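Start counting the sequence shown at 43; every next residue gets the next number (my numbering). Ideal Cβ placement from N, Cα and C applies to all residues, glycine included. All figures in this text were calculated on a predicted structure; none of them were measured in a lab. This report concerns only the one structure given below.
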Amino acid sequence: MTALDEPIHWEPAADKSKVILRKAESGFGSDEPSLLTIQTLRSGITRQGPDGMHAILGKGLKSVHLLLQDARFTEYPLCIISRLDDGARARHRAIGRLLDFLEGKEIGADSRLTPQKRLRFKSMLRAVDGRTNGASYREIAESLFGARRVASEPWKTSPLRDTTIRLVRDGLAMVAGGYLDLLRR
């Protein structure tokens, strides 16, 4: 497996939708069995970290990322820790997706990014890549939209020119750290 194939286990501070679990305190439903079992965790992709066991259940966009703070998990009852901060909504949607997974239902895709937004982000990165390698806006537009379509109207007044300039501008902002806002949704 190459580094590009290795799954990424983001820290909860970076991925606001990461579900944080820990042992339930006594009197907090602690005598009821947990829905999450060690077998379920082993079915996912896990990595031990200094802050606990990171796990990914499901695949691709239909996955849930977890952090089990006590790595000595042995079927004890669990509770979910969710701070009321700017990531609370993303975390609560992820909790719903985790419950779907544990109940044997299909996990819905992470709704934070629509297919249209994913396509736009891909175009932004391609535009930034072209620009940082010395391509003109017109060359980038030809790569993104096709040479025939770009040549079909005057370049200086073309909506494709404006779109290309915006893609480069927004892509540069994402590369400069704006991508972190995606993890907070």
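Under a Cβ-count criterion, where at least 16 other Cβ atoms within 10 Å of its own Cβ denotes burial, should residue i be classed as buried or exposed?
{"i": "residue 54", "result": "buried"}
{"i": "residue 133", "result": "buried"}
{"i": "residue 193", "result": "exposed"}
{"i": "residue 126", "result": "exposed"}
{"i": "residue 206", "result": "buried"}
{"i": "residue 129", "result": "buried"}
{"i": "residue 77", "result": "exposed"}
{"i": "residue 204", "result": "exposed"}
{"i": "residue 202", "result": "buried"}
{"i": "residue 120", "result": "buried"}
{"i": "residue 159", "result": "exposed"}
{"i": "residue 164", "result": "exposed"}
{"i": "residue 189", "result": "exposed"}
{"i": "residue 218", "result": "exposed"}
Among the options, which residue has its Cα nearest to the Cα of residue i?
{"i": "residue 171", "options": "159, 134 and 186", "result": "186"}
{"i": "residue 109", "options": "167, 123, 173 and 212", "result": "123"}
{"i": "residue 176", "options": "188, 189, 192 and 210", "result": "210"}
{"i": "residue 199", "options": "167, 180 and 68", "result": "180"}
{"i": "residue 8", "options": "215, 212 and 63", "result": "Residue 8 falls outside the range modelled here, since the chain spans only 43 to 227, and no answer is possible."}
{"i": "residue 214", "options": "105, 204, 173 and 201", "result": "173"}
{"i": "residue 100", "options": "94, 139 and 163", "result": "139"}
{"i": "residue 142", "options": "131, 106 and 164", "result": "106"}
{"i": "residue 92", "options": "218, 52 and 58", "result": "52"}
{"i": "residue 96", "options": "61, 104, 65 and 66", "result": "61"}
{"i": "residue 147", "options": "188, 165 and 104", "result": "104"}
{"i": "residue 65", "options": "94, 58, 212 and 190", "result": "94"}
{"i": "residue 50", "options": "145, 219, 86 and 168", "result": "86"}
{"i": "residue 102", "options": "161, 152, 168 and 195", "result": "152"}
{"i": "residue 131", "options": "57, 219 and 83", "result": "57"}
{"i": "residue 169", "options": "136, 82 and 182", "result": "182"}
{"i": "residue 144", "options": "208, 196, 216 and 83", "result": "83"}
{"i": "residue 221", "options": "135, 68 and 167", "result": "167"}
For the alpha helix (DSSP H) containing residue i, list its first residue and its last residue.
{"i": "residue 206", "result": "201 to 215"}
Provide the residue span of the beta strand (DSSP E) that contains residue i, from first to last.
{"i": "residue 108", "result": "104 to 110"}
{"i": "residue 193", "result": "Note, residue 193: premise wrong, no beta strand (DSSP E); alpha helix (DSSP H) at 189 to 193."}
{"i": "residue 65", "result": "61 to 65"}
{"i": "residue 87", "result": "87 to 91"}
{"i": "residue 94", "result": "94 to 101"}
inquiry  = Going residue by residue through the segment 122 to 182, where are the continuous alpha helix (DSSP H) segments of at least 4 residues, counting only ones entirely within it?
reply    = 130 to 144 and 157 to 174
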